[in-house]
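Protein chains in written order, with this note's numbering: chain A, 1 to 499; chain B, 1 to 499. Below: the structure, in C-alpha cells.
Protein chains: 2
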Amino acid sequence: MEKALKLYQETNQKLKAFYLVMFLHGWDSSTEAPHDAMEYRSKQLGVLSEMYYRISTDPAYEQAIETLYQNKDQLDSVLSHEVVERRKEIVKTKKIPVEEYVKYQELMTQAYQVYVDAKRSSNYELYKPYLLKVIDFKKKYLQWVKTSDMKGYNIFLDEFESGFSIAEYDLFFNTLKERLVPFAKAVSKLKSNYNKSFTKKSFSVDKQRIFANYLRDVFCFDPNRTVVKESEHPFTTNNGTSDVRITTHYHADNLQSAIFSAIHEMGHGLYELQVSKELDDTMSGSGASMAMHESQSRMMENMIGRSDVFWQRHYPKLLELFPKELKNTSVDDFIKYVNTVSRGFIRTEADELTYALHIMVRYEMEKMIFNKNIDLETLPTVWNKLYKKYLGVTVPNDQVGILQDVHWSQGSFGYFPTYALGSAYAAQIYHAMSKDIDINQSINDENLRKIADWLKEHIHKYGSSKPPKEILKLATGEDFNPNYYVDYLIEKYSKLYQL
Amino acid sequence: MEKALKLYQETNQKLKAFYLVMFLHGWDSSTEAPHDAMEYRSKQLGVLSEMYYRISTDPAYEQAIETLYQNKDQLDSVLSHEVVERRKEIVKTKKIPVEEYVKYQELMTQAYQVYVDAKRSSNYELYKPYLLKVIDFKKKYLQWVKTSDMKGYNIFLDEFESGFSIAEYDLFFNTLKERLVPFAKAVSKLKSNYNKSFTKKSFSVDKQRIFANYLRDVFCFDPNRTVVKESEHPFTTNNGTSDVRITTHYHADNLQSAIFSAIHEMGHGLYELQVSKELDDTMSGSGASMAMHESQSRMMENMIGRSDVFWQRHYPKLLELFPKELKNTSVDDFIKYVNTVSRGFIRTEADELTYALHIMVRYEMEKMIFNKNIDLETLPTVWNKLYKKYLGVTVPNDQVGILQDVHWSQGSFGYFPTYALGSAYAAQIYHAMSKDIDINQSINDENLRKIADWLKEHIHKYGSSKPPKEILKLATGEDFNPNYYVDYLIEKYSKLYQL
Numbered sequence: 001m002e003k004a005l006k007l008y009q010e011t012n013q014k015l016k017a018f019y020l021v022m023f024l025h026g027w028d029s030s031t032e033a034p035h036d037a038m039e040y041r042s043k044q045l046g047v048l049s050e051m052y053y054r055i056s057t058d059p060a061y062e063q064a065i066e067t068l069y070q071n072k073d074q075l076d077s078v079l080s081h082e083v084v085e086r087r088k089e090i091v092k093t094k095k096i097p098v099e100e101y102v103k104y105q106e107l108m109t110q111a112y113q114v115y116v117d118a119k120r121s122s123n124y125e126l127y128k129p130y131l132l133k134v135i136d137f138k139k140k141y142l143q144w145v146k147t148s149d150m151k152g153y154n155i156f157l158d159e160f161e162s163g164f165s166i167a168e169y170d171l172f173f174n175t176l177k178e179r180l181v182p183f184a185k186a187v188s189k190l191k192s193n194y195n196k197s198f199t200k201k202s203f204s205v206d207k208q209r210i211f212a213n214y215l216r217d218v219f220c221f222d223p224n225r226t227v228v229k230e231s232e233h234p235f236t237t238n239n240g241t242s243d244v245r246i247t248t249h250y251h252a253d254n255l256q257s258a259i260f261s262a263i264h265e266m267g268h269g270l271y272e273l274q275v276s277k278e279l280d281d282t283m284s285g286s287g288a289s290m291a292m293h294e295s296q297s298r299m300m301e302n303m304i305g306r307s308d309v310f311w312q313r314h315y316p317k318l319l320e321l322f323p324k325e326l327k328n329t330s331v332d333d334f335i336k337y338v339n340t341v342s343r344g345f346i347r348t349e350a351d352e353l354t355y356a357l358h359i360m361v362r363y364e365m366e367k368m369i370f371n372k373n374i375d376l377e378t379l380p381t382v383w384n385k386l387y388k389k390y391l392g393v394t395v396p397n398d399q400v401g402i403l404q405d406v407h408w409s410q411g412s413f414g415y416f417p418t419y420a421l422g423s424a425y426a427a428q429i430y431h432a433m434s435k436d437i438d439i440n441q442s443i444n445d446e447n448l449r450k451i452a453d454w455l456k457e458h459i460h461k462y463g464s465s466k467p468p469k470e471i472l473k474l475a476t477g478e479d480f481n482p483n484y485y486v487d488y489l490i491e492k493y494s495k496l497y498q499l
Numbered sequence: 001m002e003k004a005l006k007l008y009q010e011t012n013q014k015l016k017a018f019y020l021v022m023f024l025h026g027w028d029s030s031t032e033a034p035h036d037a038m039e040y041r042s043k044q045l046g047v048l049s050e051m052y053y054r055i056s057t058d059p060a061y062e063q064a065i066e067t068l069y070q071n072k073d074q075l076d077s078v079l080s081h082e083v084v085e086r087r088k089e090i091v092k093t094k095k096i097p098v099e100e101y102v103k104y105q106e107l108m109t110q111a112y113q114v115y116v117d118a119k120r121s122s123n124y125e126l127y128k129p130y131l132l133k134v135i136d137f138k139k140k141y142l143q144w145v146k147t148s149d150m151k152g153y154n155i156f157l158d159e160f161e162s163g164f165s166i167a168e169y170d171l172f173f174n175t176l177k178e179r180l181v182p183f184a185k186a187v188s189k190l191k192s193n194y195n196k197s198f199t200k201k202s203f204s205v206d207k208q209r210i211f212a213n214y215l216r217d218v219f220c221f222d223p224n225r226t227v228v229k230e231s232e233h234p235f236t237t238n239n240g241t242s243d244v245r246i247t248t249h250y251h252a253d254n255l256q257s258a259i260f261s262a263i264h265e266m267g268h269g270l271y272e273l274q275v276s277k278e279l280d281d282t283m284s285g286s287g288a289s290m291a292m293h294e295s296q297s298r299m300m301e302n303m304i305g306r307s308d309v310f311w312q313r314h315y316p317k318l319l320e321l322f323p324k325e326l327k328n329t330s331v332d333d334f335i336k337y338v339n340t341v342s343r344g345f346i347r348t349e350a351d352e353l354t355y356a357l358h359i360m361v362r363y364e365m366e367k368m369i370f371n372k373n374i375d376l377e378t379l380p381t382v383w384n385k386l387y388k389k390y391l392g393v394t395v396p397n398d399q400v401g402i403l404q405d406v407h408w409s410q411g412s413f414g415y416f417p418t419y420a421l422g423s424a425y426a427a428q429i430y431h432a433m434s435k436d437i438d439i440n441q442s443i444n445d446e447n448l449r450k451i452a453d454w455l456k457e458h459i460h461k462y463g464s465s466k467p468p469k470e471i472l473k474l475a476t477g478e479d480f481n482p483n484y485y486v487d488y489l490i491e492k493y494s495k496l497y498q499l
C-alpha cells in the first residue's frame, strides 16, 4: 500500500512534468512560433508523447492504482477521488482492442482533413463516409466499455461531465423546450431599438488593447501570475495556479468581440488561478469539469460582463478611449448592443439567449445516433429540421449547418451538452452567491474582488478534488436545477426588450 | 554494430526531444512568463532534467557509443566526428567522483548568489572564498581528466573550442600585444570629431522597432522561420533550422544599442538558419563552436553593420523614421558615432577596437591560475595591473574590475578567449569571402543575400559536423591567422581617425 502510494505519486510527478511541454508548446504554437517551426517540432513531440504514453500505461503504475483502489477507504478524500476516476479510465482503456484504437487514431487524422475541406466547399457528401466511420467506431466503443451501471450515450455524457446522464440533461433540455424556446422565439421577432451608428465605426486595436488591460485589473487577473496575448482563436491555458494565460482577438470593426472574448477567457483563467495551492502536488489541481469551467467563463462574460450595472460602472473608461467613435452613443445604447438577440445558424456567433438552443439540437442528434439508431443518411435533414423547430430558422446550406463544428469529426460526442450546462450552473451559482453578497454592489466596486473571493471559496478552491455535482451542491445547497437559468434569461431579456 | 547504431540514434532522438522543452522554457521564461510562474515550473523541470540525465547516462547508450567508436572507420564522417566527441565527454565524466560533482553543483548555486551580492556591493572579499573553492574544484578536475595528450588549462580551452590550445591562443594574443595594444592606445587618446547633439535626444521605441523589423529583411531573417522579440538581455535560441529566435532590448536614450544587439543576434541566428537540413536527424545540426558562432555575430555586427557602406545604404531609412531627431546629423556623423573608441573598464560595453584586449586580461589570468599557480590572493591586483598595461586605464573599484563578469563564479574558465577568437575568425573569413564576391557591392544590395549565401556554403551548412579548425581551413584555405583581424582593425580605425 505504502509502496503503491509512492509509485503512484512519483509517476504522477513525471506525467505532470510532461504537462509543462504541452503547455509551452500549445501556447507557443498558437501565439508566437514561426510558420515553418512545426515540422521539426512534431518529431520531438512524437517522441515525448511516446514517453508519456509509456509512463502512463506502465503496468506497475496501473497495479499501484488498483492497489490504492482496493484500499481507498484508507486514503484521504482527494486521493480517493483521484484513484476512483483514474481506475475508471484504465478499466475502459483496457477493453479497447489495440489494433482498433490505432486504426481509429489514423481515421481521426483523415477525418479532420476531410472535414476542413468539406466545410470549405460546403460538401457534406465528402465528409459523410468519414463521419459514419467515426460514429461506427464510437458505437463499437460503447459496446466494449458498457457496464451493468452504464451504457449507450450516457457513457459519453459521463466522460465529459462525470455524474451527468440523460436523466439530468433531459430534465435540463425539457425545461428549455417548455420555457425558453417560446420566449426566445418571441424575443427574436422584436427589434432592439438603439442608436446603432457607432457599430459601423472603426475602433483602434491599440486602444482596444488598453481597454483589455484595464479589464484585467477589474477581473482580478493578477499580472504576476497571468499573461494576456493574442491568437486567432481565443483560449485559456495554464501550468499550475501561478501561470495562467489567455488570448483574445482584436477586430477594428467589432468593438465587443475582443472585450467579451477576454472576459470569457479571464473567467476560465480566474478559476485556475484560485484552485487551492495545496492541490499543486496532486492530480486534482485544475478545474473540476467541462461544464463547471464553462460556468465560470459564462458567468463572467454574460451574467456580469453584459450586465447593466457593469457598463454603468465601466462605460466611462471606454468612452475615454473612444470619445469620437462613441460621441452619440449612450451607455444604454451600448448595453442594448452587447445584448442583441438575433436568429442565426452558427453556434459560436449565438447570443446569450439562444446559445443553449443550438446545443439542444446537437444533444438531441447525439442521443438519436447512439441510443435510437437513427438512419445516418438523414443527419443533415434532421439538423435542419431541429434548427427550424427550436430556433425558428431555415438553414440555407450545410456549411452553416451540420458542417459548422469540428467536434464530431474528432469523435467528441457528449461534449456539446456541457457548454449549455455551464450556463445553467452559472445561473444557479449566481443565485446562491446573491444570498451571501450584494452582487450589484460588488460589480460596482473598483474590481470584482468580492465576487472572485466568493467563487474561490465555494467553487474554485476544490479544483477537481470533488465531482462537479458535489461542488454544485456544496456551493448552492441544492442539486442541479435548470430553472434558475431560464428565470435569469427571461427576467433579463424581458427587461431589455420591455416585454 | 548495427544494433549499437540503432540504439545510439534512438537515444539521440529522445535527447533531442528534451531540447524542445529547454528551448520553449528558455524562450518563454525570458520573454513572456509571468513573475510567479517559475516555482511550479521548476519542479517539472527538475523531473524532466532527471529523465534527460538518466537517458544520456544509460550504460547501454554509453556502450553503444564505445562500440561505434571502436568501429568508427566504418561510419560516415558526420557520425564518426560525433562519436569521437561524445566519447571524449563520457570518458571525462566517468573520471569525476560523483560525490565531488554533487558538491560542486551546490557550490555553484551558492557562488552565483554570493557573486551577485558581491558585485552589487563591490565587495570582492565576500566573493573570494567562493571563487577560490570553484578554482580549487577546477584544479582537481584538471588532475582527474588529464591525459598524456592534454593537461592543465589546455583542457578548458579545448572544451570550449575543440582543437585550440595555448599554442594557438598565445600566437593570437601575442599578435594583439605587439600590433594592437599600441595602436589602440594611440587611437583612444584621440577625439572623435562629429556632431554629437543627436545622441542626447530621445528615440521612440516604437520607431526603433520598425527599424529592427526593416533590418530583419536586410539580414535575410526569414519571417517564416524566425521570431524577433524583446528581453532584458538579448539572446539567440533555436529549435532546428526552422525556428530561430532572437531578442533585442530597446532604450529610448540610446539609438544604437537595439540596432547592434539585433544585428549581432541575427548573425548568430542566420548561422542556425543555414545549417544543412540534412543534419536535422543527427546531433550535428547546430553551430560548430563558441568562437565560430561569435565570428558570425561579430562579422554582422561590426564588420558589416558598423561599416561605411552599410550606413550609406541604410541611413536614409533611419532618417525617414527620425526626421526631427536626426535633422542635423549627417551619415558620416552617424558612422563616427557607432564606431567611437573609448577607454573603459567594462568588457560588455567595449568598442570593436579594444574588445579583444579585455579578453586578453582574462586569458592571461586564467593561464596564471591554472598553469602558473599564481597566489590567488593577488587576483584583483593582477586584474587591475593588466587593465593598466593593455588598456591604459586605472580600474577604480572591483565592481567594474574583477567582479564585472559572472563566468568565473560558474566555473567557466577557457570560455572568454572564444569571444575574441570569434572576431579574429570573422576577419579571416571576411578576407576569404572578399576573394569570391564583391562584399561592398553586396552590402549595397537590397539585402545581404549574397553574403548569406557565401557564409552558408562555406561555414553554416556544416553545422557541427566538422571541428571549427577544419571548417576555418575549408572556408579560408589556410590555418588560423590573427593578422587578418589586426590588419582589418588598423585599416578601419586609421581611416576613421585619420591616422
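All residues carry an ideal CB built from backbone N, CA and C; glycine is no exception. Note that this is a predicted model, so its numbers are computed, not measured.
What A:K16 touches in chain B, judged by beta-carbon distance under 9 Å, is K43, Q44, V47, going in chain order. A check of alpha carbon separations from A:V275 across A:G285, A:V116, A:N384 identifies A:G285 as the nearest.
With contacts defined by Cβ atoms closer than 8 Å, A:G463 and A:L215 do not form a contacting pair.
Counting C-beta atoms within 10 angstroms of its own C-beta, A:R245 has 16 or more neighbours from the protein chains shown and is therefore classed as buried.
At least one CB of chain A lies nearer than 8 Å to the CB of B:V21. One Cα belongs to B:K16, the other to B:D170, and the distance between them is close to 37 Å.
Shown here, B:K229 sits in a strand according to DSSP, grouped into three states. At the C-beta level, B:E294 and B:G414 stay beyond 8 Å of one another.
Between B:H460 and B:A475, the CB-CB gap reaches or exceeds 8 Å.
In the DSSP secondary-structure assignment, A:R245 is bridged to A:V227, A:T237. When secondary structure is reduced to three states using DSSP, A:N213 falls in the helix class. Residue nearest to A:N195 within the set A:V309, A:K372, A:T340 is A:T340 (criterion: CA-CA distance).
Using a Cβ-Cβ cut-off of 8 Å, A:R216 is close to nothing in chain B; its nearest Cβ partner there is about 12 Å away. Counting of Cβ neighbours within 10 angstroms places B:R449 among the exposed residues, the total staying below 16. In the DSSP assignment, A:K456 falls within the unbroken alpha helix (DSSP H) covering 449-458. Chain A places no beta carbon closer than 8 Å to that of B:A452, leaving this residue out of the contacts.
Judged by their CB atoms, B:Y124 and B:L376 are not nearer to each other than the 8 Å cut-off. With contacts defined by Cβ atoms closer than 8 Å, B:V134 and B:A111 form a contacting pair.
Annotated three-state conformation of A:N193 is coil, per DSSP. By the CB criterion at 8 Å, A:I65 and A:V83 fall inside the cutoff. Note that the C-beta distance between B:L24 and A:L45 is not below 8 Å. For secondary structure counted as the alpha helix (DSSP H) over 4 or more consecutive residues, the stretch 85-127 of chain A holds these complete runs in sequence order: 98-120. Sixteen is the threshold: since fewer than 16 other Cβ atoms of the shown chains lie within 10 Å of the Cβ of B:H35, the residue is exposed. Here A:L176 is not near A:I166, since their CB atoms are 8 Å or more apart. The Cβ of A:N224 sits closer than 8 Å to at least one Cβ of chain B. Proximity of the stretch 377-390 of chain A to the stretch 428-441 of chain A falls short of the contact definition, fewer than three beta-carbon pairs being nearer than 8 Å.
Contact annotation: B:A427 and B:Y488 have beta-carbon atoms nearer than 8 Å. At a cut-off of 8 Å between C-beta atoms, B:Y40 counts as an interface residue with respect to chain A. Taking the beta carbon of B:G240 as reference, the chain A residues within 7 Å of it are Y40, listed in sequence order.
The alpha-carbon of B:L321 is positioned some 59 Å away from that of A:T57. Proximity to B:Y271 across B:T248, B:F219, B:D149 peaks at B:F219, based on C-alpha coordinates.
Using a CB distance below 7 Å, the part of the stretch 232-261 of chain B facing chain A consists of N239, G240, S242, D243, ordered along the chain. Contact annotation, B:Y485 with B:A424: C-beta distance approximately 4 Å; criterion of less than 8 Å satisfied.
Of the candidates A:T199, A:R209, A:D281, the residue whose Cα lies closest to the Cα of A:Y8 is A:D281. Inclusion of A:N440 and A:V309 in the CB contact set at 8 Å is warranted, their separation being smaller than that value. Between A:M290 and A:G267, the gap from beta carbon to beta carbon reaches 8 Å or more.
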